[in-house]
Structure formats: structure tokens, C-alpha cells
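A.B. asks: Pasting a structure below so you can have a look.
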Amino acid sequence: MKAAVIGMLQSGKSTLVSAVSGKPPVPPGAPEIHEVMVPVPDERLDWLTELYKPAKTVHATIDCLDLPGLNFTDEHGRAAARKLFGQLRTVDLFVAVLRAFENDSVPAYRNRIDPRKDLEELKTEMLLADLELVTNRIERLEKQMHKPTKTQTRDKEELALHHKLQQILESEKPLRQAALNAQELELIKPLGFLTLRPMMIVVNVGEKQVGQTMDLGAAADGAEVICLSAEIESELAQLDAESRAEFMKDLGISKPASAQFVQSCYRTLGLISFLTVGKDEVRAWPIRAGTIAHEAAGRVHSDIQRGFIRAETMSYEDLRRLGDEKAVKAAGRMRLEGKTYVVQDGDIICFRFNV
Ligand SMILES: Nc1nc2c(ncn2[C@@H]2O[C@H](COP(=O)(O)OP(=O)(O)O)[C@@H](O)[C@H]2O)c(=O)[nH]1
Ligand SMILES: [Mg+2]
6 MKAAVIGMLQ SGKSTLVSAV SGKPPVPPGA PEIHEVMVPV PDERLDWLTE LYKPAKTVHA
66 TIDCLDLPGL NFTDEHGRAA ARKLFGQLRT VDLFVAVLRA FENDSVPAYR NRIDPRKDLE
126 ELKTEMLLAD LELVTNRIER LEKQMHKPTK TQTRDKEELA LHHKLQQILE SEKPLRQAAL
186 NAQELELIKP LGFLTLRPMM IVVNVGEKQV GQTMDLGAAA DGAEVICLSA EIESELAQLD
246 AESRAEFMKD LGISKPASAQ FVQSCYRTLG LISFLTVGKD EVRAWPIRAG TIAHEAAGRV
306 HSDIQRGFIR AETMSYEDLR RLGDEKAVKA AGRMRLEGKT YVVQDGDIIC FRFNV
């Protein structure tokens, strides 16, 4: 899963990515995209590691792209933003980081601290980028229409669809609100529209606003909004567990940013985790909710999917309650599931296969 962390210049993106990944921050003003793996904290893995004592424990990860800051105030900035948008057409999720913190030594974008306006500007620019894309595509397809080609039926379908998308964008709505069906989505997939992707919002608040929530009103478009101080969180991430817990209590922070951030990403993307256990490895695997056992097997290995026989499944809750696998079996709580079983969050699965 790839999440692109976007926002205006100096909104705290790199500080946030550092806080959630535990890696040192990319220096301000860096012009490149930095890919940083963010492990998904999961208490279940900690407990399972105690039980199985595996050679290694592997957390699910989210790939975060820490991006250079956006600046739409001049032509140079707009061109850079357009180029950057072009590189983000295959990400799964956008995380918009909005500045709400005061800091006299960090110049504010457009000399204002207004997360709602920054969000509106960002959304408008993403809409415009998509509108340009759809308009270009329409032009191309219309030119092609005059020539007899093998793909004419498909082109006609696509053209009609793009006219529909153009209308939606012109009415200032993101394409994720277009209620497209699976076939339509497949047709436009290669274009990678930005506003088709889900978005999650992080408001980077000042030290004194920690613990408060912020209402972004209609600007948020129903997206999930979390408020945190990237600066404080990145300092917390450097501490050992004990002093971190103490500081968090003092500051009134109930959950560290890494957990909040990842949980929001997970919810926004509709992800859950299934688990595998053994002497070699205890591991969490991220999948979309609704994934069936046969597909889940493919995540582990293509051979396992190909030779799938069944999925021996127990729930983490049962294992935790009953203590070990033997007790789970004795209690009749070990299930044999087939290919079409819909995998649940926290399922511990042992795939039986034959190749
Ligand atoms: N006071 C304060 N300063 C922050 C906060 N987050 C980031 N900064 C500062 O703002 C500057 C820009 O942060 P950075 O993470 O590099 O922003 P980016 O350009 O969005 O990646 C740095 O000097 C940070 O120390 C915050 O929550 N509070
Ligand atoms: Mg940065």
C-alpha cells in the first residue's frame, strides 16, 4: 500500500513521516520524493511473538511517500506541482498534511495559517489536474474517432465516460464521488486520476492545541481528520517506551501518532490484517476487507494460491483466550475454510496447499 503525504510548503510532512516511521526527517526543502516504510503497530503480533518465539516478526507496512512541499503561488511552483502530481497517479491513498501550528521561524504558506483554506486550495488544484487529464484524453479520443480503428467501440464507450467525468469535475466534485462501476473503473485505471483516490487529513496543530479536534466543515468532504503535533510526536518517537508513556500522559495524548496515523490509513483504505504464525515467522498481512481465502493465499505466495487446498483458521481472540493451538482445537474453534471464505481481521491462517 502506497500513501502519498502531500501538503503545502513547510506544513510538517517530513516531521510527521519521521514521527510515524521513527526514521530521521528529510531536511526541509528537499526536492525529491522519499519513500519511507512505516510499520503498522499491532499488539497481536507482540503477544504472538511471546507465544511462538519465532526467528522473526514481520509487521505489515505502509509505504509513505514524503513529497516536496507544494506551492501554487508562482509559475515555477505550479509547474513543479504539476510534475509531481504526474508521479502520484498510482498511489493508493493521499494523506494531506495541513499546517495549523504557529512558529515564527517557519514562514507560513501565503503568509497565513489557515488549514481549511490550504485544504481547499489543494483539492482545487488536484481537481484541475484531473480536469486537464480528462480534457486531453477527450481530445485524443475525438481525433481517433475519425479514423477507423480496431478499438472503436471501446473508444466510444471511453469517450462517453470521459464526458461524464468532465462534468463531475467541472461541478467541482472529486471523482471518488462519481459512483463508477467496476467496468468503468477498469477502463479509466491507466489514467490514474488523483481525485479518485481516497484522502485522509492530518491537521498539524501547535503544542498548545494538542488534544483538541478541528472541524474543517465541508472542506473535509467526509474524509477522516486527525489532529496532532508532528513536532511533539517526532520527539516522543525518540523516547523509550516508559518515558514516552509518561510524557503522553502529561500532554493528554491517548494514542501515539504512529498508531493513529496507521489506523486512519487502514480505515480509509478499507484494510484489515490476517496473521500467520510459526517457528520461522510471525507476520501480519494487510488485505482489503472482503478478500477471500484464495486471494489471501496469493499474498503469501503464488504457489500457495495455485495449490490451495484449504485454510486452517482460528481467530486471534480464541487463541488469546484459550492460550495455545491445542486448546483451540480441543474447544472445536479451529475451522477448515475453503477458497471462497471471506477472511476476517485477526484470522490466524495456516494454508494447506499442494503443488
Ligand atoms: N512548532 C512546530 N513546528 C513544526 C511542527 N511541525 C513541523 N514544524 C517545523 O516546520 C518546519 C517544516 O517542517 P517539515 O516537516 O520539514 O515540513 P514539510 O516541508 O512539510 O516537510 C521545520 O522546521 C519543523 O521543525 C509543529 O508541529 N510545531
Ligand atoms: Mg519535507
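Just so you know, we're using my numbering here: the sequence shown kicks off at 6 and counts up by one. Beta carbons are placed, not taken as given, at the ideal position from N, Cα and C, and that holds for glycine.
1. Over the uninterrupted alpha helix (DSSP H) stretch that includes valine 25, give me the two end residues.
2. For a quick check, are the C-beta atoms of methionine 219 and proline 112 less than 8 Å apart?
3. To which residues of the same chain is leucine 70 closer than 6 Å at the C-beta, ignoring the five residues directly before and after it?
4. Which residues mark the beginning and the end of the beta strand (DSSP E) in which methionine 319 is found?
5. Look at the Cβ atom of alanine 363, then the Cβ atom of alanine 262, and state whether they are nearer than 8 Å.
6. Within the continuous beta strand (DSSP E) that includes histidine 306, where are the two ends?
7. With which residues is aspartate 352 paired in a DSSP beta bridge?
8. What would DSSP say about valine 45, mapped onto helix, strand or coil?
9. Throw me the rounded Cβ distance for the proline 59 and aspartate 285 pair, which I believe falls under 8 Å.
10. Are the CB atoms of isoleucine 314 and valine 348 nearer to each other than 8 Å?
11. For the putative contact between isoleucine 143 and leucine 164, defined by C-beta atoms under 8 Å, what is the C-beta separation to the nearest angstrom?
12. From the DSSP output, which residues share a beta bridge with methionine 382?
13. For ligand 2, any of its heavy atoms closer than 7 Å to the Cβ of glycine 3?
14. Can you find a heavy atom of ligand 4 that lies under 7 Å from the Cβ of cysteine 69?
15. Counting only the same chain and skipping the five closest in sequence on each side, list residues whose C-beta sits under 6 Å from that of phenylalanine 198.
16. Rounded to whole angstroms, what's the CA-CA distance from glycine 74 to arginine 104? Just pull it up for me.
17. Quick one: grab the DSSP three-state call for leucine 185.
18. Under three-state DSSP, which class holds methionine 13?
19. Confirm the yes/no value for this check: CB of phenylalanine 356, any heavy atom of ligand 1, distance under 7 Å.
20. What number of angstroms, rounded off, separates the C-alpha of leucine 133 from the C-alpha of glycine 222?
C.D. replies: Looking at the atomic coordinates:
1. 18 to 26
2. no
3. Ala9, Ile38 and Glu40
4. 313 to 320
5. Residue numbering for the chain in the displayed model covers 6 to 360; residue 363 lies beyond these limits and cannot be assessed.
6. Counting along the chain, histidine 306 falls outside any beta strand (DSSP E), and DSSP gives it neither H nor E.
7. Ser320
8. coil
9. 6 Å
10. no
11. 7 Å
12. With the chain represented from 6 up to 360, any question about residue 382 goes unanswered, as that position is not in the structure.
13. Since the first residue of the chain shown is 6 and the last is 360, residue 3 is not available in this structure.
14. In the structure shown, ligand 4 is absent; the only ligands present are ligand 1 and ligand 2.
15. Asp135 and Leu180
16. 12 Å
17. coil
18. strand
19. no
20. 22 Å
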